[in-house]
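Have a look at the structure below before the remarks.
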Amino acid sequence: MKVTSISRKLLARVLSFYFVLTFIVTCGQIVAEYFNTKSHINSELLTLEKTFSGSLTRAVWELNTQQAIDISDGLVAIPMIKGITVTDENNQIIAQLGETAHNASFEFDSEDGGQSEYRNLNSLSEGLFGHTFPLIFEFSGRTTRVGTVTLLSSNEVIFNRIEVGIYFLIGNAIVKTAALVFLFSLAFSQLLTNPLNELTEQIKQLDLDDPEASKLHSMSYEHNELNILEDAYNNLIDELVLFKERLAEVQNELISANHKLDEQNLQLEQEVARKTSSLSTTMLKMEIQQREMLQQQNQLQEENNRRRKTELTLTNTNNDLKSSIIELKKAQERLLEAEKMATLGNLSAEVSHEINTPIGVSITSTSYLSDLIAQIDEDIQNQKLTKRTIDDFIRNAKQSIELLMNNLTRASELNTSYKQVAVDQISDKIRSINMSKYLHEIIQSLNPKLKKTRHNIEVNCSEDISIYSHAGAIAQIFTNLIMNSIVHGFEDMEQGKITIDISKHEQILRIHYSDNGRGIEAENLPKLFNMFYTTKATQGGSGLGTHIIYNLVTDTLNGTINARCQPNQGLHFDIEFADMR
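Throughout the sequence shown, residue numbering follows UniProt numbering, covering 1 to 581 in sequence.
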């Protein structure tokens, strides 16, 4: 049988673990060096952007293609830059030098009123990376995107920078591993292998006839595990000597016990004969009990059949209940969606009616302006044109155009606000939202409802508060809160006030909504967010408004909402949810 060396096996496991650990740590250091160098190169690309974006912007704006090509040629001459692409505002290429990443997407988006968005670019299959930035031209206080620039670098640049460091890390790991192999081999040989071989040779000389002469005698004076093994073996030899002495005594006792056992066997045979007669009587009684047990078993079988039928009936009933619950949940979802679309439909009708007024005034003004033009054209044809006629035409035309512009602007603003809010409410799009601007768009879309009342809405929100979240959910929440205050809170009130306070702490947006309406009774406050709870059930109220608000805050936005009410101080809602970036 092949003998496996413990020291060699232990050494192999220790060194294998050390080699794997060293390999992982070295690879981790190389990867960290790679990403650190890549981060530095990205920073240098940003510096080049700040340095050359102005001149490139001017060249593209002035359609100076040659200057843009010259600047691009100078950038490509930098060793770090492997490629550059300059496009105009229509994504038409003006200059493209060096390498290009064919498998990467280099689109540039600009949203939210011209706010620039930079995109890091990576093309793993080609070893390229970089980023795209816009060319923004400022003129008369306005900014215009005239094109984009894509700067590319490559992994080759990174590897050239970290090549020496990689060699040093690998060499360091090899030297340490070799030194550790030598030290461990020497230590295991002196401390484990040689002492074990010595003990093995002594154990092979064991003589069972004279165990005392076979005790181990170690040459090491260190108190370690081998000494403990030696003591244990010597103790085993001492116990073996005692065992041989006791074995002789036990053999003598066994002979004496055999004589007593023969006497006990004779007595046992007599006792068995006596017990056999009583066992027959017992068997007769057991047969009677067996018949009784069979009758009871038949009764239990009948009972089990009845229970099985009852269980089947209960299972069918349970399945019917589950189907009813599923249908009920589907009906609830359809009802919530219908309520949401009904709110949007009412809003559409109000906005359409509101837009008709400025459009009608615009048509009247246009008709009047057309009559003025026809009249002055007739005077010109009849050569009756006078300075007074021209002055009257200019004055009336200016008034008509001013009236036309004011009403068309009003209709456009109302349509824009409604369109943004309506699109958000029927989609689940997540986007960046300026809370102050978006809240005013929501209020503007509700203006057809608000202008029929004297109610006032006060908004306290800093213009720099933005959040990345579900725009449709936020619009639906504020729409339902405001309509709830108008319909329920301000009932029998001529002039109500709604206050909206919005603040942001780190990544948490906090909204405090309150009105000075009638509120609700304290005992009804816990039922406020329940489905179908309403105080106007007989007047067409669905009782889904606050329930929709609760679901949007807790499920869609993963936030919290609490309601509180004080006597004669209206309802207060505290809403919190986190930025989804």
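Heads up, the beta-carbon is just placed ideally off N, CA and C, and yes, glycines get one too.
Close beta carbons around residue i, own chain, < 8 angstroms, minus the five adjacent residues each side
i	result
Phe23	Ala173
Asp515	Ser485, Gly489, Phe490, Gly496, Lys497, Ile498, Thr499, Gly570, Leu571
Leu180	Leu15, Tyr18
Asn460	Thr499, Ile500, Asp501, Ile502
Val322	Per the sequence shown, residue 322 should be read as Lys rather than Val. None.
Supposed close pair residue i, residue j - CB separation, criterion 8 angstroms
i	j	result
Ile81	Leu75	5 angstroms
Asp579	Tyr468	5 angstroms
Leu128	Leu152	5 angstroms
Glu89	Arg145	6 angstroms
Thr556	Leu528	Incorrect: roughly 19 angstroms between the Cβ atoms, too far for contact.
Ser436	Glu458	That pair is no contact at about 13 angstroms.
Gly78	Ser55	Per the sequence shown, the amino acid found at residue 78 is Ile instead of Gly. Not confirmed; about 15 angstroms, so no contact.
Glu576	Arg510	5 angstroms
Thr100	Ile94	Between Ile94 and Thr100 the Cβ distance is about 14 angstroms, and since that is not below 8 angstroms, they are no contact.
Phe133	Trp61	No, Phe133 and Trp61 are not in contact; Cβ-Cβ is about 16 angstroms, not under 8 angstroms.
Thr386	Ile376	Not really, about 11 angstroms apart at Cβ, beyond 8 angstroms.
Cys565	Ile520	6 angstroms
Leu199	Glu230	7 angstroms
Per DSSP, the bridge partner or partners of residue i
i	result
Phe52	Per DSSP, none; premise fails for Phe52.
Ser432	Tyr468
Gln264	According to DSSP, which records beta bridges pairwise, Gln264 is partnered with nothing at all.
Tyr513	Ile500, Phe573
Gln96	Thr85
residue 662	Outside the shown range of the chain (1 to 581) lies residue 662, about which nothing can therefore be said.
Ala248	In DSSP, Ala248 forms no bridge with anything.
Ala578	Ile508
Ile561	Ile575
Phe139	Arg142
Buried versus exposed call for residue i [16 or more other C-beta atoms within 10 Å across all chains shown]
i	result
Gly141	exposed
Thr479	buried
Met283	exposed
Gln476	buried
Leu10	exposed
residue 583	The displayed coordinates of the chain run from 1 to 581. Any statement about residue 583 would go beyond what the structure contains.
Phe315	Looking at the sequence itself, residue 315 is Thr, so the reference to Phe does not match. So Thr315 counts as exposed.
His40	exposed
Ala12	exposed
Phe168	exposed
His131	buried
Ala522	exposed
Glu303	exposed
Leu481	buried
Val20	exposed
Glu441	buried
Ile548	buried
Gly559	buried
His505	exposed
His455	buried
Leu135	buried
Gly28	exposed
Thr317	exposed
Ala473	buried
Thr453	exposed
Cβ-based neighbour list, residue i, same chain, cut-off 6 angstroms, excluding 5 preceding and 5 following
i	result
Ile166	Ile30
Asn562	Asp574
Val157	Met80
Gln270	none
Glu201	none
Heavy atom of the ligand MG within 6 angstroms of residue i beta-carbon
i	result
Glu463	The ligand MG is absent from the structure shown, which contains no ligands of any kind.
Sequence-distant residues of its chain with Cβ nearer than 7 angstroms to residue i (five each side left out)
i	result
Pro526	none
Gly540	Low per-residue confidence applies at Gly540: pLDDT is 43, beneath 50, and the placement is therefore not dependable, though the value from the model is reported in the following sentence. Cβ neighbours of Gly540 beyond the five flanking positions: none.
Ser278	none
Ile170	Thr26
Phe52	Ile71, Leu75
Tyr34	Ile158, Ile162
Thr57	Leu135, Ile136, Phe137, Val146
Alpha helix (DSSP H) segments (min. 4 residues) lying fully within the region 449 to 511: 471 to 484
Beta strand (DSSP E) segments (min. 3 residues) lying fully within the region 19 to 91: 83 to 88
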